[in-house]
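Data block below; observations after.
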Amino acid sequence: MTGPKAKRILITGTAGFIGFHLAKRLLRDGHEVMGIDNINPYYDIRLKQARLAQLSTLSRYTFQRADLVDRDAINRVFADFAPEIVVNLAAQAGVRHSLTDPHAYVDSNITGFLNILEACRHYPVEHLAYASSSSVYGANTKMPFSVHDNVDHPVSLYAASKKANELMAHSYSHLYGLSATGLRFFTVYGPWGRPDMALFIFTQLILAGEPIQVFNHGIMQRDFTYIDDIVEGVARVALKTAVKNPKWSSRSPDPATSYAPHRIYNIGNNEPVPLLKMIEILEDCLGQKAEKNFLPMQPGDVPATYADIDNLVVDLDFRPMTTIEDGVKAFVDWYLEYYGTGQ
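Oh and the sequence shown: position 58 is 310 in the working numbering, straight run, nothing missing.
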């Protein structure tokens, strides 16, 4: 890509699952990408290093190892690279891990995100797109989850940190005119996925002939969203500057939009899948049956997620389309190629 459409894009978390795929996509489209990541050991860093090794072979990509909590390092990246667009995907992820290591979530997701906001303020950018999460819906049971609904009842610190990100970004949009868009991701899966996610764990255990843990006695639904669909949505959002909603009313405030240039979108498949169905599909792809241990609901978890994506369709002309059957098969094909039948 040449000319005015090519952008300098900073992606935080390019050693991570979504950041890796997004960087490849934007580079393919001709943009210049700088990636930063602290390569923390939350999960096997060999997988992160393998992702980075792939990216290092691509032209117009540069990488800086840096931690979001290191304010000076983040400011140097902004000063040197002068990004036009920032996509903040770096975060301490995982609902259950937030129960055992809460300080990591405040450091990365609160302090780290503040450093990104401050850098966007002092080294002005056209647009900040940042990762939120479907976990912000917390105790909500009205389905599908809508960006226009109140989300003030998180059930994990991870969820609370992501809601805090939305509030922090909005305040910077209000105070400094920062154009910012929050993206609530719904259960992302696919090749090169995170080893702490259910699909990855189930695959590993089934191949090893070990039992899998099925929480809430299997009465769970997730809006599983394939990585290519997530990346398509993020790319479209990142390149579309958030604008003010002229119809926004302080008497009846819409949480998804604002009088300031701030927007919120769900990115989900808009089709919740029962957990037991996903397991059946996985068993078919692996050619092996799973031994299931049914357990109670875990603290901080929710029984179902289901994304209302009407705003994504109307504003970005995009609707995720990958079926769970196709997505799980693509993951299994990658897993078997990368790890073989053991790990």
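Beta carbons: idealized from backbone N, C-alpha and C, even for Gly.
Per the coordinates, the alpha-carbon of Leu299 lies some 34 Å from the alpha-carbon of His374.
Sixteen is the threshold: when 16 or more other Cβ atoms of the shown chains lie within 10 Å of the Cβ of Gly520, as they do, the residue is buried. Lys529 sits exposed, since fewer than 16 C-beta atoms from the chains shown fall within 10 Å of its C-beta. Restricting attention to Asn340, Asp353 and Arg348, the CA atom closest to the CA of Leu262 is found in Asn340. Annotation for Leu564: Gly485, Tyr517, Asn518, Ile519, Phe570 and Arg571 place their beta carbon closer than 8 Å to its own, counting only its chain and skipping 5 residues before and after. In this structure, the straight-line span from the alpha carbon of Leu369 to that of Gly461 is close to 47 Å. In this structure Phe365 is buried. Its beta-carbon is surrounded by 16 or more other beta-carbon atoms within 10 angstroms.
Per the coordinates, the alpha-carbon of Arg312 lies some 26 Å from the alpha-carbon of Leu435. Taking C-beta atoms under 8 Å as the contact rule, Asp475 and Pro524 qualify, at a distance of about 5 Å. Take His405, set aside five residues on each side of it, and the residues of its chain with a beta-carbon closer than 6 Å to its own are Gly390 and Ala391, in chain order. The shortest C-alpha to C-alpha distance from Ser360 to any of Thr393, His379, Leu409 and Thr314 is the one to Leu409. Here the alpha carbons of Ala258 and Tyr382 stand approximately 20 Å from one another.
In this structure Asn402 is exposed. Its beta-carbon is surrounded by fewer than 16 other beta-carbon atoms within 10 angstroms.
Closest option to Leu430, judged by alpha-carbon separation, among Pro526, Met573 and Lys496: Lys496. Note that the region 348-359 does not touch the region 466-474; fewer than 3 beta-carbon pairs, one per stretch, sit closer than 8 Å. The alpha-carbon separation between Asp319 and Asn327 amounts to approximately 11 Å. Residue pairing by DSSP places Ser384 opposite Arg436 in a beta bridge.
Tyr591 and Trp444 have their C-alpha atoms spaced approximately 11 Å apart. As DSSP reads the structure, Met286 sits in a beta bridge with Leu262 and Thr314. For Phe546, the enclosing beta strand (DSSP E) has its first and last residue at Lys544 to Phe546. Counting every other CB atom within 10 Å of its CB across the protein chains shown gives Thr557 a total of 16 or more, marking it as buried. Counting C-beta pairs closer than 8 Å gives three or more between the region 280-293 and the region 330-350, which meets the contact rule.
Each of Ser413, Ile362, Leu279 and Leu457 was checked against the Cα of Ser385, and the nearest Cα belongs to Ser413. In the DSSP assignment, Pro526 is bridged to Gln473.
For the pair Asp322 and Gly265, the Cα-to-Cα distance works out to about 14 Å. By the beta-carbon neighbour count (other beta carbons within 10 angstroms, threshold 16), Leu310 is exposed. One alpha carbon belongs to Ile531, the other to Lys581, and they sit about 12 Å apart. The criterion of a C-beta distance shorter than 9 Å is satisfied by Ile270 and Ile482. Assignment of Ile270 by DSSP, reduced to helix, strand and coil, places it in the helix class. Rounded to whole angstroms, the gap between the alpha carbons of Val566 and Thr433 is 15 Å.
Pairing Phe583 with Ala305, the inter-Cα distance amounts to about 20 Å. The Cβ atoms of Ala542 and Phe437 do not sit closer than 9 Å to each other. Closest by C-alpha distance to Gly552, out of Ile337, Thr352 and Gln301, is Thr352.
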